[in-house]
Each structure stands twice: as C-alpha cells, then as structure tokens.
Ligand SMILES: NC(=O)c1ccc[n+]([C@@H]2O[C@H](COP(=O)([O-])OP(=O)(O)OC[C@H]3O[C@@H](n4cnc5c(N)ncnc54)[C@H](O)[C@@H]3O)[C@@H](O)[C@H]2O)c1
Ligand SMILES: [Zn+2]
Ligand SMILES: [Zn+2]
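Numbering (the working numbering), first residue to last: 1 to 411.
In structure tokens form, the structure reads like this:
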C-alpha cells in the first residue's frame, strides 16, 4: 500500500509499504478514506519535535471504513464508517476513565509517561500513522467513533484532531460568556479555537498571525484581526482593551513561532533576538532546511511571551501549540506577577469527539469551511511542502488515498 513515511528531518516520502495486520485482539484495521496534514507533522519534518524513528508512517488524522476487527472489538463490524481520534487511549485505566486519554497508562508501549498517538515520535509509541491506505487501530473499541451518514468526509476529517484540539484549547482557557480572548496563530487549530470560543460565547476575539489569507478567514468568523508584521500585537490589544489586556489567551502556534520581520512589532522584540537564536538551537539542534522548506520558527517562545503580555491580571493562558521537553523558556516571572492561570496539554481527543460529532451533525459548526485543499495521497509530499511554506490560500489539506482528481476549493 502507499503511505507517507518519515525518513529523516527534511525528508518525507511516499513509499510502498506492507499493509498492517491485526496484532492484538483489541485492534481493528481501517481502510482510510481521508487523512490530513497537521502542524504537528511539520514540527517533525522541521526538526523541532522528535526524535522520530525513521520508517514511521506519518499522520494522526483519519477517517475510514472498518475492514477487520480483533476478537475483543465488540462494538464495530467490517463496513462501519468511523473517525479515528489522534491520541490512543486504552479506555480502561484511571486516566482514560477520567477523560484524560492523552495520559493513558497502558496504550504507549514505550511507557506511561508520554502520550501515545499515531505517526508520532519514538517516545509516543511509536505507532504507524494514518496517511496511508490502511491503518492498524489499537484499542479500536475506544479510539474509533462511529460516523453518521449525514456528516460527509470533508466535515469528518476535521473531527479526528483539529476540532477536538481547538475545543479543548478553548475549554482550558476557561472562556466565560463576555470574555475577550486572544488567539495566537490562525492555522487550522487557531481557526477552530475561534469557532470554539464563539461556542463558549466569548465577547471579543482577537486573532493574531502574519498570513493575510488566514487572517481573512479569522475575520470572516468574526474575529478582530491583527497582522504582527504591520503592528505591534501587544500595543494593539492593549489599545483595544482600555490598556487592560484580554481575559483569555490561546497559543495555537507552538514551537515553530516566528518573530515579526518588519513593522513596529519587529522593533519591540529586537532586544530578544539573541535569546531567540539560542533558543532555536536548543529546540532544533538538527535541521535540514531545503530552499524555502523545513525552516524551524525563528522565535520559539515568541507566542508564550506575547500571550503572557497580552493577558490582563488574573487571566488564563491556554497552551495547545506543541512544545517539546527541550523548550525551557517561559516568562514565569511575568505570569507569576499577574496571577495568571496557565493550562496546557495534548488533546484528549476521544473525550470531545462525541460532543463535536453532534455539533456538526446538528449544523451548529461546519468544519469543512476551513478545508482549503483536497488532493490524492499520491500528491502528499507536494502538499507537505506547500503547507510547510504556508502557501497563501492553504490552510487545511485533505488527502484521499484513492487517487481522485485534485480539486482546489476557494480559500
Ligand atoms: N496539543 C495538541 O494536542 C495539539 C493537537 C494538534 C495540533 N497541535 C499544535 O497546534 C499548533 C497549530 O497547529 P496548526 O495545524 O494550526 O499549525 P499551522 O502551522 O498551520 O499554524 C500555525 C500558525 O501560527 C502562525 N504564527 C507563527 N508565528 C506566530 C506568532 N509569533 N504569532 C502568531 N501567529 C504565529 C503561522 O503563521 C501559522 O499560521 C501546532 O503547534 C500543532 O503542533 C497541538
Ligand atoms: Zn495534530
Ligand atoms: Zn488508558
């Protein structure tokens, strides 16, 4: 079968690999009908998250049709259409039972400390991922969720990772009706963080990025947009909030954050240039930059600093953008001085999927609105490159293992 395989930093390929088999009674085999590329996949290829085991199939977003189930999978049968949650829980340990699936004690063969998920680093299992024609789903009774027919594939693929992640980000941010919220990053996670903040009845939502097409998408959702290359985001937020700052901030960027290239924002962060340089070396000691691809962010803790600054006293910071153990720089003193609450973590996908399936089904949210590209799995490497270089108009890519003609949708 065809699959997207990690060979090394800056080196992903579409390979012909062996099809997976049932290994344990709790496994299922799913024929993937749609996969997608996440910002997390980019961290691996840029070298800011890892180490990855070469040969790992990438991808932790997928939907498909059940092909085969192990003898202990009693709630699904071949032919069922399912969404697969990105993180893998056993459903049975005290953590899973409390809804903390990302902290499962049993799913990770590498030990209970790290989150088990599809297509992740060595420490996450590793498990082969979902950017493939078929995938093995461990603890399939828990990690698959049935998809009703009235949710189409383009809506369903975003229920696998992005919508649950962003919804959890908004929940961690403790958004109450009326709150003002700053969402840093307008990639897929940021877009759904905005949608989720709206569901929680936020009063005002500021969206910060430097990519115009992504900012425009945020504005269409009703967010007040700030391009950090045109203005200093902190000054702007303070200016718009009577100098108070926002109640809630969400970091939807993570370790590949960039600093402003130009404008007043660039001046404000000038004195941090040396710190950012050193920090980049700490978080990405090895890179493999090729032309305009696979460049780690040049200011890994930029968003942590900005979000802390943008918040009002006693505000809440939700960190959903990913950082590795190599990230050591957080403005702890400023956060302490303001009595901030800081929450973070890997998404407990399975906890949110049932609720979000219902929200999509009832028409409250249409996740397909942020899907901008649909293409065959065979064009995955080109799609990785375009998503990595943040091509204007590219926000979210759906990959279809069956080679169907490429359709470009309006951004
Ligand atoms: N915690 C979880 O369980 C979980 C799950 C899924 C994704 N994630 C993480 O969420 C993050 C976002 O994912 P995505 O798919 O939207 O990625 P993405 O790369 O498409 O989006 C990141 C966005 O951040 C913007 N950005 C860069 N520097 C910035 C800055 N200083 N200020 C504001 N914006 C800035 C970029 O221009 C880009 O639009 C990633 O770190 C990803 O790994 C976490
Ligand atoms: Zn992801
Ligand atoms: Zn568990």
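A virtual CB, placed ideally from N, CA and C, is assigned to each residue, including glycine. Since the model is a prediction, treat every value here as computed from it, not as a measurement.
Any idea if residue i is buried or exposed, counting beta-carbon neighbours within 10 angstroms, 16 or more meaning buried?
{"i": "residue 8", "result": "exposed"}
{"i": "residue 364", "result": "exposed"}
{"i": "residue 409", "result": "Any reading at residue 409 must be qualified, since the residue scores a pLDDT of 48, below 50, and its modelled position is unreliable; the value itself is stated next. Classification of residue 409: exposed, given that the 10 Å Cβ count is below 16."}
{"i": "residue 74", "result": "exposed"}
{"i": "residue 158", "result": "buried"}
{"i": "residue 94", "result": "exposed"}
{"i": "residue 290", "result": "exposed"}
{"i": "residue 274", "result": "exposed"}
Would you give the residue range spanned by the alpha helix (DSSP H) that residue i belongs to?
{"i": "residue 414", "result": "Only positions 1 to 411 of the chain appear in the structure, and residue 414 is not among them; the question remains open."}
{"i": "residue 336", "result": "332-337"}
{"i": "residue 308", "result": "302-310"}
{"i": "residue 327", "result": "Element bounds for residue 327: n/a, residue is neither H nor E."}
{"i": "residue 68", "result": "Run containing residue 68: none in the alpha helix (DSSP H); it sits in the beta strand (DSSP E), 62-69."}
By the DSSP assignment, the beta strand (DSSP E) with residue i in it spans what residues?
{"i": "residue 146", "result": "144-146"}
{"i": "residue 197", "result": "Not the beta strand (DSSP E): residue 197 falls in the alpha helix (DSSP H), residues 188-199."}
{"i": "residue 46", "result": "It is not in any beta strand (DSSP E) - residue 46 instead sits in the alpha helix (DSSP H) that spans 39-46."}
{"i": "residue 227", "result": "224-227"}
{"i": "residue 248", "result": "246-251"}
{"i": "residue 16", "result": "11-16"}
{"i": "residue 209", "result": "204-209"}
{"i": "residue 30", "result": "28-36"}
{"i": "residue 276", "result": "Not the beta strand (DSSP E): residue 276 falls in the alpha helix (DSSP H), residues 273-283."}
{"i": "residue 236", "result": "It is not in any beta strand (DSSP E) - residue 236 instead sits in the alpha helix (DSSP H) that spans 233-240."}
Quick check on this structure: which residue in the options has the alpha carbon closest to the alpha carbon of residue i?
{"i": "residue 6", "options": "280, 129, 76", "result": "129"}
{"i": "residue 68", "options": "368, 273, 78", "result": "78"}
{"i": "residue 393", "options": "60, 237, 26, 216", "result": "216"}
{"i": "residue 119", "options": "36, 295, 301, 80", "result": "36"}
{"i": "residue 160", "options": "91, 254, 60, 224", "result": "60"}
{"i": "residue 63", "options": "335, 220, 273, 154", "result": "154"}
{"i": "residue 207", "options": "194, 201, 111", "result": "194"}
{"i": "residue 56", "options": "189, 142, 126", "result": "126"}
{"i": "residue 333", "options": "342, 326, 325", "result": "342"}
{"i": "residue 346", "options": "383, 25, 115", "result": "115"}
{"i": "residue 4", "options": "47, 360, 133", "result": "133"}
{"i": "residue 292", "options": "31, 388, 137", "result": "388"}
{"i": "residue 46", "options": "106, 356, 265, 384", "result": "384"}
{"i": "residue 141", "options": "256, 266, 80", "result": "80"}
For ligand 4, is there any heavy atom lying closer than 8 angstroms to the beta carbon of residue i?
{"i": "residue 107", "result": "Within the structure as shown, ligand 4 is missing, the only ligands being ligand 1, ligand 2 and ligand 3."}
Below 5 angstroms from a heavy atom of ligand 2 - residues by beta-carbon: 38, 40, 161
Complete runs of the alpha helix (DSSP H) confined to the segment 357-408 [at least 4 residues]: 380-388
3-residue-minimum beta strand (DSSP E) runs that sit fully inside the segment 102-184, ordered along the chain: 134-137, 144-146, 180-184
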